[in-house]
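Colleague: Under this note's numbering, think of the first position of the sequence shown as 140, with each following residue one higher. Below: one structure in C-alpha cells.
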Amino acid sequence: MAGVTEAMVAQLGKDLGQAKLIDTHAHINVEHFAEDRDAVVERAAQAGLSHIVNMGDSMESSQSSVALTKIYPMVYTGVGIHPEEAHPMTQADEDQLASWGVLPKVVAIGEIGLDYYWEKDGDKRQLQRELFIRQLDLARQLHLPVCVHNREAHGDTMEILRKEGKGIVGVMHCFSGSLEIAQELVKMGWFIGVDGPLTFKNAAKLPEIVQKLPLERIVVETDCPYMAPVPMRGKRNEPAFVYHVAAKLAQLRGESLEKVARQTTANALELYPKLEL
Ligand code: NI
C-alpha cells in the first residue's frame, strides 16, 4: 500500500532480534486486501511475524478464512458467527462449523460474543446471547479455545462466561473493560487481547490496565483492516503493524520489545495450542 514500503517493514523485523510476533486477530480475508493479499502476508513475515490468526465472522467469511489457511503457511483461522452477523443458527451451520473445527489450521471458535454498541434492539440482543452460548457449547465439544468480541456488553458477556463458559478458555479480544474484569478473566485462565487503541491518545484506562496485568496473560493483535495503531492511524491496518502494538506495550511496561515479543508469542501459542511452530 502507499506509504508502507517493504524496507520499512523489514526494519521492524530487525528491531525484534531473534524474537517473533503473532497477530492473534486479523481479517485479511476481507475485500480491503483483495488487490495485494500476497504482499500483505509477505510484509508480515518481513516484519517478524511467525503466524497470523485470521478470524471468521460469518459462515461465508469463515469459509474464506479457512481457504486462506490452505494458501499461506503462516495463516491460521478461527471460525464462528460474530454478534453483528447474528442469525438463528441452523443445524447445518453448526455441523459446518464443527467440520471446520477439526481441521489442523482451525485454532479457535471466533469471533463470537456480544455487541450492544451496534445493536440496540432487545430481541436482537437476545439472539446474540443465544448464538454466543451455542457457540461456546460447540467450542467445548470441539476442545477449542474461543475468541470473544465484547462491545459495551461487559455485564452480560461476563455473566454468560461465568455460567456457560465452564471448561472453556479464550481471549477477550480488543479489550475495553475495567481492570476488575481483566483480573477476573486472568483468574479464569483467559488472555487479554490488545490492539491499536492502546496506542491512541484517547486510550482511556487501557494503558494503566496493561501495566497492572501479568505479561503472561496478554496477547497482541491488529483486528485489521480497521483500527491501525499509531503511527499508522487512519491508514489501512495490516498484520505487520502488530509491531507497533507490541512496541507500545513494551514502552508502557518499561520492558524491552524483545521480551514483550517473546512472551506475547509464547502466550499466543498457549492460547491457541493448534498453532504449529
Ligand atoms: Ni475482529
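Beta carbons: idealized from backbone N, C-alpha and C, even for Gly.
Is the separation between the beta-carbon of residue 378 and that of residue 210 shorter than 8 Å?
Modeller: Taking 8 Å as the Cβ cut-off, residue 378 and residue 210 do not qualify as a contacting pair.
Colleague: Using C-beta distances below 8 Å, list every residue in its chain close to residue 314, excluding the 5 sequence neighbours before and after it, in chain order.
Modeller: Within the same chain, residue 314 has close Cβ partners 321, 331, 332, 333, 345 and 348.
Colleague: With the ligand NI as the reference, list in chain order each residue whose Cβ lies under 6 Å from any of its heavy atoms.
Modeller: Chain-ordered list of matching residues: 164, 166, 194, 250 and 362.
Colleague: CA-CA distance, residue 356 and residue 407?
Modeller: If you take the alpha carbons of residue 356 and residue 407, they lie about 9 Å apart.
Colleague: Please name the residue, chosen from 285, 308 and 399, that lies closest to residue 155 on a Cα-to-Cα basis.
Modeller: Minimum Cα distance to residue 155 is reached at 399.
Colleague: Alpha carbon to alpha carbon, how far is residue 150 from residue 280? Give it in angstroms, no decimals.
Modeller: Residue 280 and residue 150: Cα-Cα distance of roughly 43 Å.
Colleague: Look at the Cβ atom of residue 220, then the Cβ atom of residue 265, and state whether they are nearer than 8 Å.
Modeller: No. Outside cutoff.
Colleague: Just list the beta strand (DSSP E) runs in the stretch 230-258, keeping only unbroken ones of 3 residues or longer that don't cross its boundaries, in chain order.
Modeller: Entirely contained in the stretch 230-258, the beta strand (DSSP E) runs reaching 3 residues are, in chain order, 245-254.
Colleague: Report the three-state DSSP secondary structure of residue 272 (helix, strand or coil).
Modeller: In this structure, residue 272 counts as helix in the three-state DSSP scheme.
Colleague: Find the nearest neighbour of residue 143 within the set 178, 352 and 168, judged by alpha-carbon distance.
Modeller: Comparing Cα-Cα distances from residue 143 to each of 178, 352 and 168, the minimum goes to 178.
Colleague: Where DSSP assigns a beta bridge to residue 194, which residues make up the other side?
Modeller: DSSP, once it has assigned bridges, lists 217 as partnering residue 194.
Colleague: Can you tell me which of the three DSSP states residue 189 falls into?
Modeller: DSSP places residue 189 in strand when its eight states are reduced to three.
Colleague: Is the beta carbon of residue 112 sitting closer than 8 Å to the one on residue 160?
Modeller: Nothing can be reported for residue 112, as the shown portion of the chain is limited to 140 through 416.
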